[in-house]
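Presented below is the structure to which this report refers.
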Amino acid sequence: MKLLTTWISVALVLTNQGLEVRAYFSSPIFQKDGFGPWHSSSRGQPIPLPRIYQSYKSTLLIDPENFLFNISHATCEILEDAVQRYQKLIFKSPKFKPCEKTWTNCAKDNCLKRLDIYLQSPCEEWPPSRMDEQYLLKVNTDELKGGALLSAASIWGILRGLETFSQMVYYHDCQVNAQRFFVNTTFVQDWPRFPWRGLLLDTSRHFLPKITIFETLDLMAMNKLNVFHWHIVDDNSFPYESLRFPFLSKNGSYGPDMVYTRKDLKDILEYARRRGIRVVPEFDTPGHTQSWGRNLPGFLTPCGEEYGWSFLGDLPDYGPIDPSREENYVFLEKFFKEVFNTFPDKFLHLGGDEVDFRCWSMNRDIAEFMKQNNISSYEGLEAYYIHRLIDLLDDISSKKKTYLVWQEVFDNQVPLDPNTIVHVWKGNWESEMAQVTAAGKKALLSSCWYLNYISYGTDWENYYKCDPENFPGTPSQKWLVLGGEVCMWAEFVDETNLHSRLWPRASAAAERLWSAKEVQDGEFLASRMNEHRCRIRRRGYPAQPINGPDFCDNLKIP
């Protein structure tokens, strides 16, 4: 059996001398001048690259009309739904019809007729923060001649394995308006490097329809991203429907048809659950709250002429939440109690970034409050607010939540619970990650993955080179790194350009967060990215060219 591609980042291989650790590298043909695409395109090569991955030249045909996903052990609605979904995704082709001569050969041993799916344990209802995503996938290996097996201890591993299998299937045209599907003999043993592989989506600057969020979740699953960080509200609009405080969205949204209703929220949570994706909401305070205060007298800090000050440049009439008013904490307690009942995940992002201290510094009531409470700085006032907020959240939560904050909260020396996660987003991130982890805090990186910014050329290479552990620190510090998140801020993004802005650029970050640290072959990724871009388009989503001249065939999906 001739080896086509092997990429084993950490593999134990039995030799005459015993067990050895081996790694294999493969690069495609790379072309930048002359006729044709700049990069060759792989066939049946997955993204992210699995931990242990051996693909051989020997192939099996697949007849879509007779192929079976066989659930051979435990099952549940998530698994049965996934099988139906992938049956359609894998063989979604604009012009498929069987090639008669091809399928007569299926009587022999060169046709894969089924994938046996062996789920070892009962399904969990919701994906946990440390979900088990490991799986084993074998196609036509020595013990499975003409067969295939996907095995995992958890439903989340099965979902990741189904996605890998779907990407291993490829096709050739056998005649006009007809195709045949193939899969290579392959051995995969796979698990993620980081448990937190997220995508932040901002739905305040531009409202994103529910269907667009569904599509984003599908694309996240396609790239094995497992946390949807929902930056649901901000200064510009408040599209979250609160049952207890309906005026928040009524007066704070762009309009009644640009609000996520309770049904929308339930549907999005369910859609994510069935794809093994956690939904972590962010309600950013005390800044970024202009849309909150439109019908909450006293909630925001006044700082305009009516308070004895002249309007200064870009300074608004109101600033951050007024931390001196007890009524504001009463409101926040009631509001977040409803949030806890809406979102089942044990994590909540509290924001805390870009707090404009100017209004606080102009407000006489704030000055008096700081004097009475012996608070000597506005950083100290922010610390007071964050502490009050976390204390009241802990009091109302039946199950203790874990909180995330943007790095400014840490930078301003706010004392934090050891379990609080510091989300690093600014420049000079290597130094910041070193400081955060040296203080014993868990860290999440986004600094290098702000994909709302665009540039000419192959910018995905920078996303691929960015490694959350590439900072000066001890092994115990690196252990505190949970992973990272791609960020899509929406000042200039809506449903018309979201997917093409994200994909497949975000796929480079997805591979960095899933695959082994040793996986560094950019040319091999370029080849797979070309295939992946076309794969995304065949599934019905726009995906921008990222490697210069290339093409995708067979894109007229009905």
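For the sequence shown, my numbering gives the first residue as 196, with consecutive numbering after it. Backbone N, C-alpha and C define an ideal beta-carbon position, used for all residues, glycine too.
Just list the residues that DSSP pairs residue i with in beta bridges.
| i | result |
| --- | --- |
| H679 | The question names His, but residue 679 in the sequence shown is Gly. R392, L640. |
| F377 | L256, Y365 |
| A343 | V334 |
| W601 | H618 |
| L543 | Y598 |
| C306 | L256 |
| Y435 | Y455 |
| L263 | R309 |
According to DSSP, is residue i helix, strand or coil?
| i | result |
| --- | --- |
| H268 | coil |
| Q226 | Confidence at Q226 is low in this model, with a pLDDT of 47, below 50, so its placement is unreliable and the value that follows should be read with caution. Of the three classes helix, strand and coil, the one that applies to Q226 here is coil, per DSSP. |
| Y502 | Because the pLDDT of Y502 is 47, which lies under 50, any placement of that residue in the model is unreliable, and the question is left without a value. |
| W194 | Look at the range of the chain in this structure, 196 to 753, and you will see that residue 194 is not part of it. |
| Q329 | coil |
| V631 | helix |
| H426 | strand |
| G717 | helix |
| Y645 | strand |
| N747 | What sits at residue 747 in the sequence shown is Cys, not Asn. C747 falls in the coil class under three-state DSSP. |
| L611 | coil |
| L420 | coil |
| A218 | Because A218 carries a pLDDT of 39, less than 50, the predicted location of this residue cannot be relied on, and the following value inherits that uncertainty. Three-state result, A218: coil. |
| L244 | coil |
| Y736 | coil |
| D397 | strand |
| M724 | helix |
| L491 | coil |
| R707 | helix |
| S572 | coil |
| H582 | helix |
| Q485 | coil |
| E358 | helix |
| D276 | helix |
| L209 | Residue placement at L209 cannot be trusted, given a pLDDT of 33 that sits under 50; the coordinates are not used to answer. |
| E664 | coil |
| W386 | coil |
| R700 | helix |
| S238 | A small fix is needed here, since residue 238 is Arg in this sequence, not Ser. Reduced to three states, the DSSP call for R238 is coil. |
Could you spell out the range, first to last residue, of the alpha helix (DSSP H) harbouring residue i?
| i | result |
| --- | --- |
| F552 | Neither: F552 is in no alpha helix (DSSP H) and is coded neither H nor E. |
| V525 | 521-537 |
| P232 | Neither: P232 is in no alpha helix (DSSP H) and is coded neither H nor E. |
| I516 | That residue, I516, is in no alpha helix (DSSP H); its beta strand (DSSP E) goes 513-516. |
| N657 | 655-660 |
| F402 | Run containing F402: none; DSSP gives neither H nor E here. |
| I741 | No alpha helix (DSSP H) holds I741; DSSP gives it neither H nor E. |
| E563 | 559-567 |
| L693 | 693-697 |
| K712 | Neither: K712 is in no alpha helix (DSSP H) and is coded neither H nor E. |
| K287 | From DSSP, K287 is part of no alpha helix (DSSP H); its letter is neither H nor E. |
| S671 | 670-674 |
Taking its Cβ as the centre, do 16 or more other Cβ atoms sit within 10 Å of residue i, making it buried, or is it exposed?
| i | result |
| --- | --- |
| K340 | exposed |
| A562 | exposed |
| I472 | buried |
| P613 | exposed |
| G652 | exposed |
| Y658 | buried |
| S572 | exposed |
| E358 | buried |
| H694 | buried |
| P744 | exposed |
| R439 | exposed |
| L639 | buried |
| D517 | buried |
| S236 | buried |
| T484 | buried |
| Q567 | exposed |
| F746 | exposed |
| Q315 | exposed |
| Y648 | exposed |
Go to residue i, then tell me how far its beta strand (DSSP E) extends in each direction, as first and last residue.
| i | result |
| --- | --- |
| I312 | 309-314 |
| E477 | 473-477 |
| L412 | Looking at the DSSP string, L412 is not in any beta strand (DSSP E); the run it does join, the alpha helix (DSSP H), is 405-417. |
| P497 | 495-497 |
Is any non-hydrogen atom of the ligand FMN found closer than 6 Å to the C-beta of residue i, if you look at the structure I gave you?
| i | result |
| --- | --- |
| E706 | Among the components modelled here there is no ligand, and therefore nothing to report on the ligand FMN. |
Kindly say whether residue i, judged by its beta-carbon, lies nearer than 7 Å to any beta-carbon of chain D.
| i | result |
| --- | --- |
| R325 | Annotation note: the requested chain D is absent from the structure, which comprises a single protein chain. |
- Complete runs of the alpha helix (DSSP H) confined to the stretch 439-473 [at least 4 residues]: 442-447, 457-468
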